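Student: Structure below; questions to follow.
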């Protein structure tokens with residue numbers, strides 16, 4: 009079976025482009041555990057994709073977008089954002105495949121560790137990440153500052 013296609017579900021994974029934005033945004037908006045902000049406008053996502061070419065991915069079944077993930081790097085560490093899979097396609101390995109594509113892309117870029125941000129109340133998200141080999145860090149606390 010080809011890594012990019014699951015013959016049972018006709019799933020295709022491809023590099024995300026700005027043409028996927030509207031469908032991906034709608035999926036993110038409909039997915040619990042994903043917080044959207046002004047950092048997720050079409051223009052902001054286009055900048056992100058340009059800065060991190062070939063690292064973000066979408067999953068489609070018969071042309072319909074059923075999964076999306078943003079992936080990028082700061083040159084030292086990798087980051088995943090907004091992994092989402094449509095409810096009717098969960099527990100079929102779509103999320104795992106999207107993450108593996110991201111990890112492969114980051115590995116090719118020389119990145120050795122990747123981080124994710126998970127909302128504390130996102131219990132199902134935490135379970136997914138733990139089941140796929142991610143571990144919680146208790147020695148760090150995220151701090152933020154608005155630029156303007």
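Numbering (the working numbering), first residue to last: 9 to 156.
Where a beta carbon is used, it is the ideal one built from N, C-alpha and C, also for glycine.
It should be emphasised that the depicted structure is a prediction, and the values quoted were computed from it without experimental measurement.
What residues match up with residue 124 in a beta bridge as DSSP calls it?
Tutor: By one-based count along the chain shown, residue 124 stands at place 116. In DSSP, residue 124 forms a bridge with 88.
Student: Could you tell me the boundaries of the alpha helix (DSSP H) in which residue 132 lies?
Tutor: Mapped onto the chain shown, residue 132 falls at position 124. Unbroken alpha helix (DSSP H) run through residue 132: 131-139.
Student: From residue 59 to residue 112, what does the alpha carbon distance come to, in whole angstroms?
Tutor: Along the chain shown, one-based indexing puts residue 59 at 51. Along the chain shown, one-based indexing puts residue 112 at 104. Cα to Cα, the separation comes out at about 17 Å.
Student: Any contact between the stretch 53-68 and the stretch 18-27? By contact I mean 3 or more CB pairs, one from each, below 8 Å.
Tutor: With a cut-off of 8 Å, the stretch 18-27 and the stretch 53-68 count as touching, because enough Cβ pairs lie within range.
Student: So, is the C-beta of residue 41 closer than 8 Å to a C-beta in chain B?
Tutor: Given the protein chain composition of this structure (a single chain), no chain B is represented.
Student: Could you check the C-alpha separation between residue 110 and residue 146 for me, to the nearest Å?
Tutor: By 1-based counting over the chain shown, the position of residue 110 is 102. By 1-based counting over the chain shown, the position of residue 146 is 138. Distance between the alpha carbons of residue 110 and residue 146: 24 Å.
Student: Given residue 140, which residues of its chain have a CB within under 7 Å of its CB, disregarding the five upstream and five downstream residues?
Tutor: Mapped onto the chain shown, residue 140 falls at position 132. Closer than 7 Å at Cβ, skipping near neighbours: 104 and 107.
Student: So, for residue 90: in the same chain, excluding its five sequence neighbours on each side, which residues have a beta-carbon less than 6 Å away from its beta-carbon?
Tutor: Residue numbering aside, residue 90 sits at position 82 when the chain shown is read from its first letter. Cβ within range, chain order: 36, 42 and 78.
Student: Is the distance from the Cβ of residue 126 to the Cβ of residue 116 below 8 Å?
Tutor: Within the chain shown, numbered from 1, the residue matching residue 126 stands at position 118. Within the chain shown, numbered from 1, the residue matching residue 116 stands at position 108. Result no, Cβ atoms of residue 126 and residue 116 do not sit closer than 8 Å.
Student: Under the three-state reduction of DSSP, which class applies to residue 78: helix, strand or coil?
Tutor: Indexing the chain shown from 1 puts residue 78 at position 70. Of the three classes helix, strand and coil, the one that applies to residue 78 here is strand, per DSSP.
Student: With distances taken Cα to Cα, identify the nearest neighbour of residue 69 among 19, 38, 154 and 76.
Tutor: Within the chain shown, the letter at position 61 stands for residue 69. The candidate whose alpha carbon is nearest that of residue 69 is 19.
Student: Could you tell me the boundaries of the alpha helix (DSSP H) in which residue 31 lies?
Tutor: Here residue 31 is taken as the residue at index 23 of the chain shown, counted from 1. Residue 31 -> alpha helix (DSSP H) spans 29-38.
Student: So, are the CB atoms of residue 137 and residue 150 less than 8 Å apart?
Tutor: Walking along the chain shown from the start, residue 137 turns up at place 129. Walking along the chain shown from the start, residue 150 turns up at place 142. No, the Cβ-Cβ distance between residue 137 and residue 150 is not below 8 Å.
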